[in-house]
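Here the structure is laid out as structure tokens; the discussion comes afterwards.
Protein chains: 2
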Amino acid sequence: MKLAERLLDGDRRACARLISMVENNDKEAIEIIKELYKHTGNAHVIGITGPPGGGKSTLTDKLAKALRKENKKVGIIAVDPTSPFTGGSILGDRVRMSDLALDSGVFIRSMGTRGHLGGLSKATQGAVKVLDIFGCDYIFIETVGVGQSEVDIVKTADTVVLIMVPGLGDDIQAIKAGTMEIGDIFAVNKSDLFGAPKTATEIKMMLDMNPNMERKPPVLQVIATKNEGMDNLVDEIKKHMSYMQEANKLQKRRESNAKTEIIKLAEEEIISLILRKNETMGLLDDIAKGVAMREIDPYSARDKILDSIKDITI
Amino acid sequence: MKLAERLLDGDRRACARLISMVENNDKEAIEIIKELYKHTGNAHVIGITGPPGGGKSTLTDKLAKALRKENKKVGIIAVDPTSPFTGGSILGDRVRMSDLALDSGVFIRSMGTRGHLGGLSKATQGAVKVLDIFGCDYIFIETVGVGQSEVDIVKTADTVVLIMVPGLGDDIQAIKAGTMEIGDIFAVNKSDLFGAPKTATEIKMMLDMNPNMERKPPVLQVIATKNEGMDNLVDEIKKHMSYMQEANKLQKRRESNAKTEIIKLAEEEIISLILRKNETMGLLDDIAKGVAMREIDPYSARDKILDSIKDITI
């Protein structure tokens, strides 16, 4: 059976193989996704992010387990753009610790940086499509690190859960503008720690200050390690999806995400075009030499490069 | 007097203003840099990076002070792509703590994220050019954070100093492949801490394992807070520049950096072209709608967008 059919059929090994191919920017994988794209859109994609030490992976595990009780098929993508100075050990722990890996109804995949952050975002979005075709009802995109790039990746989900922890205290105001806005649901994890209600109140107050919100995101207190409040969180995640569908917002959000994705894909294609053209022409090398010699400035150099690709078939 | 002339004349306020304009992607600033680009290339650009807690900003301060004793004009760009979850407090400290800010022969500028990481890299490279025209003999690009994007920014320097600290111990092996390779000089800072010689030895051993190195980077032990070993480090920085010039490597490195910069600029221009075109045509909106409805896949959507800009003037 062909890889495409096996994936549609829910074959785990085909799924794993296709995600690897997507990570390697394999052309056959892209063709398969193109062919099967009409089978996507059924999964509820949930982004999970928050500050370091928030217990994101434990919480994701518990959510997955709660959904497994309903016999839902679950995919988890752990996104980890490894710091250049710490290696990938965190990610290793993530995979080792999860007993979910033994559950055939759950597909877990870790995504590290492949040279480039843009590449990580692309690989993640490709993996979401593969898991969607594979038949997942729910797909979690969980960030291990917490940089801007991860926030951008999580934004591509249908529902974004922002995990907070008590003791963040006054620092909530230090959370970068634009980050709070991506949260559809707030979960104050480790709520057995001192200060949890205060943190929850502070989040609510911050949300109240935003007059442009059509829907007030719920703020929950949970303890993922003790499985407390997780059913509640699952309910809120489902409620958010219903809201999005009823208010016709799901379509809007997916359109906006599609737009971002198309632009990124176009960007990448054009760059590869410039590099291919350069290989045959040596133009870029010559111009770069001129820039280094201060014979031409980089901005005029850019214009020359753009001129050079104007008349070739894209 | 015009802004361009004032900058060439070494006017600090003109310099500050132009860097701000560059950060805001101002067209007039680009025109000024184009006009004055032939006056760049004289500064020795030094990148400083390393793991968190390495004492990067203290070390940069001491290096700047050592160079000030020789009456050199120094620029410092502190690059801080603020984490979405921690705000910009580190950067504030950086600026407050530095008494260098009072020295008229030193120009310090902090660069935070402006919405986009690509933007940060571009703003930093623009600022380097402005400081070069301004007449700086040395320009430090110091990273506050330590993500992959910062490493990429630091790579654009003529000389890269990687700061390490004792106690990193076995973790040196956890440093991401490709990161060690960017170091032209290694400085083990805080060398009064236990384990400093061991760390230095480990770095040397790792460097020995790389057979492709034409020049073995020196590994120094320093204590920036006590100003110990800093003259040595300054010497090594200068020696590296001499080596680069004599071996004709400076030109090569600057060519390669120019190439990366030109490609990024072209990328950005093309995206802005796609967005401008979209405004008048609504094409991107329609196609994104189609993708969200699963009527067309994102890869075919990309091809349509690329087709649409083929015949317009870039």
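Heads up: the sequence lines are chains A and B, in that order. Numbering-wise (the working numbering), the first sequence opens with residue 1 and increments by one. Numbering-wise (the working numbering), the second sequence opens with residue 1001 and increments by one. Yeah, the Cβ is synthetic: ideal placement off N, Cα and C, and Gly gets one too. The model shown is predicted, which means the values in this text are computed figures rather than measured ones.
- Taking 9 angstroms as the threshold, the shortest C-beta distance from Gln251(A) to chain B falls below it.
- Membership of Thr201(A) in the alpha helix (DSSP H) is indicated by the continuous run Ala196 to Asp208.
- Residues of the region 1226-1247 of chain B with a Cβ closer than 8 angstroms to any Cβ of chain A: none.
- Taken in chain order, the whole beta strand (DSSP E) runs of length 3 or more contained in the region 1121-1164 of chain B are 1138-1143 and 1159-1164.
- Per DSSP, Arg1012(B) is not a residue of any beta strand (DSSP E); the alpha helix (DSSP H) it occupies stretches across Arg1012 to Glu1023.
- Rounded to whole angstroms, the gap between the alpha carbons of Lys1238(B) and Phe1186(B) is 14 angstroms.
- Assignment of beta strand (DSSP E) within the region 1028-1052 of chain B, counting only whole runs of 3 or more residues, yields 1044-1049 in chain order.
- Around the beta-carbon of Met230(A), 16 or more other beta-carbon atoms lie within 10 Å, marking it buried.
- The region 1214-1226 of chain B makes no contact with the region 1253-1266 of chain B: fewer than 3 CB pairs, one atom from each, lie closer than 8 angstroms.
- Spanning the alpha carbons of Val234(A) and Ala66(A) requires a straight line of approximately 8 angstroms.
- Proximity to Lys1216(B) across Cys1136(B), Met1180(B) and Lys1198(B) peaks at Met1180(B), based on C-alpha coordinates.
- Here Lys69(A) is exposed. Its C-beta has fewer than 16 other C-beta atoms within 10 Å.
- Within chain B, the C-beta atoms nearer than 7 angstroms to that of Thr40(A) come from Arg1294, in chain order.
- Met213(A) counts as exposed, since fewer than 16 other C-beta atoms from the protein chains shown sit within 10 angstroms of its C-beta.
- One finds nothing in chain B with a Cβ atom closer than 9 angstroms to the Cβ of Leu59(A); even the nearest lies about 16 angstroms away.
- With a threshold of 16 other beta carbon atoms within 10 Å, Met1209(B) falls short and is exposed.
- Taking each of Asn1071(B), Gly1075(B), Ile1019(B) and Asp1026(B) in turn and checking the Cα distance to Ile1046(B), the smallest one comes out for Gly1075(B).
- Not a single CB atom of chain B sits nearer than 9 angstroms to the CB of Lys277(A).
- Residue-level contact check: Arg1006(B) does not touch chain A, since none of the beta carbons of chain A fall below 9 angstroms from its beta carbon.
- Counting the other Cβ atoms within 10 Å of the Cβ of Asp1080(B) gives 16 or more, which makes it buried.
- Residue burial annotation: Thr199(A) is buried, with at least 16 other C-beta atoms found within 10 angstroms of its C-beta.
- Within its own chain, the residues whose Cβ lies closer than 6 angstroms to the Cβ of Ile182(A), once the five positions on either side in sequence are excluded, are Lys155 and Val160, listed in chain order.
- The C-beta distance from Leu1284(B) to Ile1305(B) rounds to 6 angstroms, short enough to fall under 8 angstroms.
- If you draw a 10 Å sphere on the C-beta of Ala1292(B), you find 16 or more other C-beta atoms in it, and that means buried.
- The distance from the Cβ of Pro1211(B) to that of Ile262(A) is about 44 angstroms, inconsistent with a contact at the 8 angstroms cut-off.
- Excluding five sequence positions before and after Ile309(A), the CB atoms of its chain that fall closer than 8 angstroms to its own CB belong to Ile270, Leu273, Ile274 and Lys277, given in chain order.
- Within the same chain, and ignoring the five residues on either side of Ile1133(B) in sequence, the residues whose Cβ sits closer than 7 angstroms to its Cβ are Leu1007, Leu1008, Leu1036, His1039 and Thr1040.
- Relative to the Cα of Asp1103(B), the nearest Cα in the group Glu1228(B), Arg1012(B) and Val1188(B) belongs to Arg1012(B).
- Taking the CA atoms as reference points, Ile1163(B) sits about 11 angstroms from Asp1184(B).
- The bridge partners DSSP lists for Asp1080(B) are Gly1112(B).
- The C-beta of Asp1285(B) comes closer than 9 angstroms to at least one C-beta of chain A.
- Exclusion of the five residues before and after Val22(A) leaves Ala29, Ala123, Gly126, Ala127 and Val130 as the residues of its chain whose Cβ lies within less than 7 angstroms of its Cβ.
- From the listed residues Met206(A), His44(A), Asp137(A) and Asp307(A), the smallest Cα separation to Gln245(A) is found for His44(A).
- Residues of the same chain with a CB within less than 8 angstroms of the CB of Val151(A), apart from the 5 flanking positions on each side, are Thr49, Thr143, Thr179 and Ile182 in chain order.
- In the three-state reduction of the DSSP assignment, Ala1187(B) falls in the strand class, which pools E and B.
- Here the alpha carbons of Ala1078(B) and Arg1109(B) stand approximately 6 angstroms from one another.
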